[in-house]
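Read through the structure below, which is laid out as structure tokens, and then see the notes.
There are 4 protein chains.
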Amino acid sequence: MSQRQDEQIESRQSSMSMKQRLHGVLERSDGGFSWFDIFIIVLICLNVVALIVETVDEIHDISPLAFRIFDTVSVAIFTVEYVLRLWSCTVEEKYGHPVWGRLRFALTPVLFIDLLAILPFYVALMAPVGLLDLRILRFLRAVRLLARIARLSRYSSGLRTSVGVIHAKRAELITVIVFLSILLLMASSLMYFAETEAQPDKFANIPQSMWWSIITLTTVGYGDAVPVTVTGRFLAGVIAILGIGLFALPAGILGSGFMDEMNRRRQGPTLCPHCQKEIHE
Amino acid sequence: MSQRQDEQIESRQSSMSMKQRLHGVLERSDGGFSWFDIFIIVLICLNVVALIVETVDEIHDISPLAFRIFDTVSVAIFTVEYVLRLWSCTVEEKYGHPVWGRLRFALTPVLFIDLLAILPFYVALMAPVGLLDLRILRFLRAVRLLARIARLSRYSSGLRTSVGVIHAKRAELITVIVFLSILLLMASSLMYFAETEAQPDKFANIPQSMWWSIITLTTVGYGDAVPVTVTGRFLAGVIAILGIGLFALPAGILGSGFMDEMNRRRQGPTLCPHCQKEIHE
Amino acid sequence: MSQRQDEQIESRQSSMSMKQRLHGVLERSDGGFSWFDIFIIVLICLNVVALIVETVDEIHDISPLAFRIFDTVSVAIFTVEYVLRLWSCTVEEKYGHPVWGRLRFALTPVLFIDLLAILPFYVALMAPVGLLDLRILRFLRAVRLLARIARLSRYSSGLRTSVGVIHAKRAELITVIVFLSILLLMASSLMYFAETEAQPDKFANIPQSMWWSIITLTTVGYGDAVPVTVTGRFLAGVIAILGIGLFALPAGILGSGFMDEMNRRRQGPTLCPHCQKEIHE
Amino acid sequence: MSQRQDEQIESRQSSMSMKQRLHGVLERSDGGFSWFDIFIIVLICLNVVALIVETVDEIHDISPLAFRIFDTVSVAIFTVEYVLRLWSCTVEEKYGHPVWGRLRFALTPVLFIDLLAILPFYVALMAPVGLLDLRILRFLRAVRLLARIARLSRYSSGLRTSVGVIHAKRAELITVIVFLSILLLMASSLMYFAETEAQPDKFANIPQSMWWSIITLTTVGYGDAVPVTVTGRFLAGVIAILGIGLFALPAGILGSGFMDEMNRRRQGPTLCPHCQKEIHE
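Residue numbers (the working numbering), protein chains in the order written: chain P, 2 to 282; chain U, 2 to 282; chain L, 2 to 282; chain A, 2 to 282.
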């Protein structure tokens with residue numbers, strides 16, 4: 002073995018170990034927060050607050066430059082973070098390949114959201130001025146804000162629990178969703194046929210009367226579309242009483258699943274009362 | 002035994018077995034879906050979407066002919082399906098009689114809905130023009146759409162579970178419904194006497210003030226009928242607080258029954274994966 | 002013993018036994034319904050329907066006389082029933098005294114409601130015309146209708162269960178009611194101070210802003226009183242989120258108590274797993 | 002030991018024992034109510050009623066002097082009570098130091114609220130007239146009323162239970178609150194981008210569209226801000242259905258925790274009345 006090869010291996014090893022340390026900091030898997038995580042969380046929170054507060058003209062107009070600088074600095078930090086995550090991901094075996102591994106890592110939902118949080122900045126920077134009309138600019142602003150809020154969910158154990166619950170209860174949820182869709186279609190069609198003549202502006206067609214159905218069945222009840230005919234009110238009363246119980250179901254399923262999941266996480270494994278071995282649910 | 006008799010029996014047997022195979026495809030009883038079921042479900046779904054989207058004038062006017070053709074083709078397929086179901090039902094012992102068995106099968110709720118889904122098409126086709134004024138045409142359209150949505154429920158295990166739950170909890174439900182009716186009548190009468198003088202248009206009579214009661218007790222709260230007198234508001238506050246808890250009951254009973262039923266169907270007794278003994282929860 | 006005394010005793014005994022049979026029919030205590038109960042329930046139901054439908058002018062004007070006759074006949078039957086109940090109640094030991102026993106029986110809530118259901122008829126009949134202005138007449142009509150609806154509750158096992166539940170959970174309910182009253186007062190006062198300047202007509206004083214609090218905390222949300230100031234909206238948001246959970250509590254307590262009570266009634270007594278004797282809860 | 006020292010000790014002891022008796026009356030720790038507690042509760046209740054009723058001009062104008070006198074007398078009693086509490090608190094070891102102990106006792110939440118209930122009176126009395134403009138006077142009135150309502154919570158076991166529940170469930174609550182905040186931000190941002198162009202007055206900026214989110218997700222649904230665009234209504238429908246289940250969670254967690262806590266306080270382990278063994282439910 003030549004000395005050069007040795008050096009290469011050594012440098013690769015030290016680079017590997019630096020990569021590994023970096024990867025350990027960036028992608029903690031034990032559920033706790035590193036100092037780096039906390040720094041990023043605080044930065045994202047400040048960022049989200051800035052982007053939200055910026056929409057209030059009175060506040061934005063105090064110092065548009067300050068908002069611009071803060072956004073630029075944040076994007077710079079997020080970009081470095083993104084590049085480092087992408088560089089160090091090859092430490093993990095499943096993303097081991099320098100090109101395809103990194104690409105597959107970049108396409109995971111978490112990394113994709115990280116990209117969406119910075120991409121609009123560069124698109125707005127690089128696109129020729131003529132192309133960026135108001136609608137596209139607004140769309141970029143929406144993506145930027147939503148992606149940054151979504152980045153917070155990486156650190157929320159509540160969201161991870163929710164995803165777990167939705168996965169665990171998917172059979173019940175699909176059953177209930179199919180059933181509720183039928184109920185929703187029935188309610189919307191009935192109200193359309195009952196009210197369209199009396200209120201052609203509010204129950205003009207069935208998709209529009211679905212707005213009434215959703216707002217009624219969720220008990221929100223804005224009052225912007227309300228039946229006025231006797232038939233319509235009678236049907237609406239029956240739909241309200243029958244439907245609300247059934248519409249409360251998916252909420253109940255998700256809610257109880259959420260509680261179970263939380264208890265399970267806190268309590269540790271269930272043991273069989275007969276043989277005392279752990280029962281995997 | 003003459004040859005002719007032999008042939009008759011043979012042909013009857015082969016016809017029987019073809020009928021049985023057809024019946025097996027049309028009416029699967031093991032809870033799974035055959036390729037035929039999936040075809041019909043997709044067709045009904047497309048049909049329902051078409052009938053709903055058709056009510057939006059802008060979409061309907063793009064190509065009224067396309068909607069007409071699609072409806073005619075669908076009805077043709079549904080008619081063939083209906084006739085085949087009726088022809089093959091004699092395979093089942095309880096519908097064995099060629100005439101009375103088929104009639105009794107045709108009057109089961111499921112087949113009756115199948116008929117309602119196609120009948121309006123033929124009524125509109127065959128009726129003399131003079132008889133079909135706008136109201137009857139609208140009624141036929143409503144029946145057509147509602148029956149096709151209802152056809153979907155044949156394939157929804159959620160609906161079957163619901164029917165089971167309502168049956169299992171019927172005693173509680175009747176008790177609660179009687180109680181809630183009394184509450185509803187009380188609330189409506191009280192509000193009528195309190196508000197009719199101040200708002201003779203919104204609380205003109207007790208049936209009309211029932212609209213207020215239902216919308217308030219289900220917490221929908223449109224705001225189209227709202228008490229304005231001091232007495233009315235005081236009563237409404239008491240009714241809202243007292244009544245909402247009691248009105249949430251039937252929802253709770255149905256909801257918990259639904260969950261129990263779903264758990265029961267999926268599980269059977271829980272067994273420990275290590276020692277195979279039953280675990281009493 | 003003279004013959005006359007003998008006869009008196011005999012007549013008293015036969016009268017007693019007729020009274021007892023009558024009392025048995027009128028006041029069944031085994032939870033079932035006698036033919037007499039069913040007759041009275043149907044009569045009350047028809048009566049309530051008539052009184053409700055009567056408030057719709059279009060229906061009342063078809064035949065005011067029919068409504069009048071039906072009411073008179075009903076009151077006659079209810080009066081006979083009332084008198085018979087009062088006469089036969091002395092069969093029960095606790096109402097044994099011919100005068101005081103009957104008076105105490107007449108003052109039980111159930112009998113008092115029976116009286117209220119018929120009294121307005123006689124008051125309206127006997128009072129000098131000058132005394133009965135519109136307000137008093139309306140009050141009499143309200144009492145008549147509400148008392149007849151209330152009479153139905155005698156036959157509703159749901160109501161009896163509810164009374165049992167409220168009694169069983171009274172400690173929790175009082176705790177929660179005190180707590181919610183404090184919450185309600187806090188919310189109303191905060192919103193009054195926040196909104197009274199901006200909307201002096203909707204938040205004129207604290208009792209009036211209680212209307213907002215109740216309608217918001219029960220999630221009815223009519224939208225007739227809505228905060229418009231930034232402070233008011235911020236407070237309202239916090240109140241809505243914090244308060245709704247707490248306001249759902251009494252409903253939850255009553256609801257779960259109701260379910261427990263129903264299960265208990267259906268299932269029979271709980272047995273101790275150690276000694277197999279019945280546990281009185 | 003000189004006689005003088007003896008006397009001093011004796012006087013201190015008798016003073017101590019009087020202090021202790023007073024402290025025992027003022028700060029009962031066994032959960033029951035002394036006659037003094039009941040007197041103060043009744044006085045606070047009357048006071049709160051007076052301050053609330055006073056905001057109704059028609060009632061206040063009947064006799065402004067009566068309200069003034071009642072307030073002055075109440076403040077006098079509350080002041081004496083406050084001073085006695087502060088004087089006698091040194092009986093407790095942790096507040097034993099005559100100065101620092103009393104100061105620390107005065108800064109406990111309960112005593113601080115007691116101070117806030119009387120302080121506004123003295124501020125309004127002593128401040129130079131020029132300083133007290135309407136806004137400050139209103140603020141003082143608000144503090145006075147809110148602090149007196151808050152004083153009632155000292156005697157409400159419901160509030161103590163709630164504080165216990167919030168403490169016991171804090172981990173779940175934080176998880177859920179973080180998750181719901183993300184959901185709230187997402188909903189508000191989405192609706193802002195969807196509706197701001199169509200309704201620039203109601204969805205002018207994201208903080209304003211948070212008002213819509215809170216009122217919709219809590220199912221209050223006033224109807225003062227309602228999406229009108231197709232995109233906005235579609236998003237609102239999805240948010241309503243998805244979000245309501247998740248928003249019901251903190252209520253559910255607090256509610257079930259509240260019930261558990263109440264059961265736990267009342268019961269201790271359940272014993273069989275026959276064999277006195279514990280029954281595991």
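By construction, the Cβ of each residue, glycine as well, lies at the ideal position given by its N, Cα and C atoms.
Beta-carbon neighbours of residue i, restricted to chain P and to distances below 9 Å
i	result
I183 (chain A)	I150, A151, L153, S154, S157, G159, L160
Proximity test, Cβ basis, 8 Å: residue i and chain P
i	result
G222 (chain L)	yes
G238 (chain A)	yes
I114 (chain U)	no
P110 (chain U)	no
Residue of the options minimising C-alpha distance to residue i
i	options	result
L185 (chain U)	L:T230, L:L23, L:S154, L:L104	L:S154
V231 (chain L)	A:F37, A:D225, A:L218, A:W212	A:W212
F79 (chain L)	L:L174, L:G159, L:P121	L:P121
A143 (chain L)	U:T176, U:L146, U:S190	U:S190
L23 (chain A)	A:I137, A:L85, A:A148	A:L85
L44 (chain P)	P:T220, P:K203, P:R152	P:R152
V81 (chain L)	L:E94, L:A205, L:W101, L:L27	L:L27
I240 (chain L)	A:G233, A:I240, A:T219	A:T219
L288 (chain U)	P:A195, P:I63, P:A77, P:Y123	For chain U, the structure presents residues 2 to 282; residue 288 (chain U) sits outside this window and is missing.
F180 (chain L)	A:M187, A:A188, A:I178, A:S157	A:S157
I287 (chain P)	U:F235, U:V177, U:D225, U:V50	The structure shown has nothing for residue 287 (chain P), since chain P only spans 2 to 282.
CB contact below 8 Å: residue i versus chain A
i	result
D134 (chain P)	no
T176 (chain L)	yes
A143 (chain P)	yes
R234 (chain L)	yes
I39 (chain P)	no
Residue-chain proximity (residue i, chain L), Cβ-Cβ < 8 Å
i	result
H281 (chain U)	Confidence in H281 (chain U) is poor, its pLDDT being 48 and thus under 50, which makes the residue's placement too unreliable to answer from.
I63 (chain U)	no
S163 (chain A)	yes
Interface partners of residue i on chain P, CB under 8 Å
i	result
A241 (chain A)	I215, I216, T219, V221
L147 (chain U)	M187, S190, L191
Cβ of residue i within 8 Å of any chain U Cβ
i	result
L186 (chain P)	yes
G244 (chain A)	no
I42 (chain L)	no
I53 (chain L)	yes
Continuous alpha helix (DSSP H) stretch holding residue i: start and end
i	result
G102 (chain P)	101-107
T48 (chain P)	For the record, residue 48 (chain P) in the displayed sequence is Asn; it is not Thr. Run containing N48 (chain P): 36-55, per the alpha helix (DSSP H) assignment.
S89 (chain P)	65-89
T176 (chain P)	171-196
E59 (chain L)	58-61
Under 7 Å from the C-beta of residue i: neighbouring residues of chain U
i	result
R139 (chain L)	F194
Neighbour list for residue i in chain A, Cβ cutoff strictly below 9 Å
i	result
V57 (chain P)	A205, N206, I207, P208, Q209
Where residue i meets chain L, residues with beta-carbon distance less than 8 Å
i	result
V1 (chain A)	The question about residue 1 (chain A) has no answer, for chain A in this structure spans 2 to 282.
G258 (chain U)	The contacting residues do not exist; G258 (chain U) stays about 11 Å from chain L at best.
Chain-ordered neighbours of residue i on chain B, where CB pairs are closer than 7 Å
i	result
V179 (chain L)	Protein chains in the displayed structure are P, U, L and A, and chain B is not among them.
Under 8 Å from the C-beta of residue i: neighbouring residues of chain A
i	result
I119 (chain P)	Ordered by position in chain A, no residue passes the 8 Å Cβ test against I119 (chain P), which lies about 17 Å from the chain.
Any non-hydrogen atom of the ligand MN closer than 7 Å to residue i Cβ
i	result
C90 (chain P)	As presented, the structure is devoid of all ligands, the ligand MN included, so that no description of it is given.
Interface partners of residue i on chain U, CB under 8 Å
i	result
I167 (chain L)	By Cβ distance, chain U contributes nothing, its closest Cβ being about 10 Å from I167 (chain L), past 8 Å.
Inset, instruction - Pull out every residue of the stretch 205-230 of chain A whose Cβ sits closer than 7 Å to any Cβ of chain P, in chain order. - result: The residues in question are N206, I207, P208, T217, T220, G222, G224, V227.
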